[in-house]
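**Student:** My questions all concern the structure below.
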Amino acid sequence: MFGYEPGKSEPKPGAWGETLLLVRLALGAIGVPLLFIGGILTLFIATVVLFFVHPYIAIVPVTGLAAASWHLIRRERLQVEEEIRSLPPRYK
C-alpha cells in the first residue's frame, strides 16, 4: 500500500505514506485561507469593474461569487476536518 486509506490500515512508521499524508493535510490546511483570499480578491475586482459599467449590475455577480466562494471554503474545510478525524490516534 502506498499512502494512507482511512479505515484500512495505518501507514508504517517512517514510511512514505506518513509523509504523504502529512503533506496532503498541510496543503489542505493552506488551501482554505488561499480560497478565502482568492474569493475576496475576485469579489473586489468584480465589484470595482462592474461598478464603473453600471452600479446596479455589480450586485448580481458579486452575490453569486460570494456564495460560490463560501461554498468552496466550507467544502474544503469539511474535507480537511474529515481527513483529520480519520487519522490514526497517534497523529492526533
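At position 58 of the sequence shown the residue is numbered 1491 (our numbering), and the sequence of numbers has no breaks. Just so you know, even glycine gets a beta-carbon here, dropped at the ideal spot from N, CA and C.
Compute the beta-carbon to beta-carbon distance between Ala-1501 and Leu-1476, rounded to the nearest angstrom, for a pair I have assumed lies under 8 Å.
**Tutor:** Along the sequence shown, one-based indexing puts residue 1501 at 68. Along the sequence shown, one-based indexing puts residue 1476 at 43. Not a contact, Cβ separation roughly 10 Å.
**Student:** Is Ile-1490 helix, strand or coil by DSSP?
**Tutor:** Working through the sequence shown from its first residue, we reach residue 1490 at position 57. Looking at Ile-1490 - three-state DSSP - the assignment turns out to be coil, as it is neither helix nor strand.
**Student:** Reducing DSSP to helix, strand and coil, say where Pro-1521 ends up.
**Tutor:** Looking up residue 1521 in the sequence shown gives position 88. It is coil, neither helix nor strand.
**Student:** Are Glu-1516 and Leu-1468 touching if we call contact CB-CB under 7 Å?
**Tutor:** Here the question's residue 1516 lines up with position 83 in the sequence shown. Here the question's residue 1468 lines up with position 35 in the sequence shown. Taking 7 Å as the Cβ cut-off, Glu-1516 and Leu-1468 do not qualify as a contacting pair.
**Student:** Would you mind working out which of Arg-1518, Leu-1460, Ile-1463, Leu-1505 sits nearest Gly-1472, comparing C-alpha positions?
**Tutor:** The residue you call residue 1472 lines up with position 39 of the sequence shown. Checked all of Arg-1518, Leu-1460, Ile-1463, Leu-1505; the closest Cα to Gly-1472 is Leu-1505.
**Student:** Suppose you measure from the CA of Leu-1520 to the CA of Val-1513; what does that come to, to the nearest Å?
**Tutor:** Looking up residue 1520 in the sequence shown gives position 87. Looking up residue 1513 in the sequence shown gives position 80. So the two alpha carbons sit approximately 11 Å from each other.
**Student:** If you drop the 5 nearest sequence neighbours on each side, which residues of the same chain put their C-beta closer than 8 Å to that of Arg-1457?
**Tutor:** Along the sequence shown, one-based indexing puts residue 1457 at 24. So the list reads Glu-1516, once near-sequence residues are dropped.
**Student:** Please go through the same chain and pick out, in chain order, the residues whose beta-carbon is closer than 6 Å to the beta-carbon of Arg-1518, but skip the five residues on each side of it.
**Tutor:** The residue you call residue 1518 lines up with position 85 of the sequence shown. Closer than 6 Å at the Cβ level, and outside the excluded window around Arg-1518, lies no residue.
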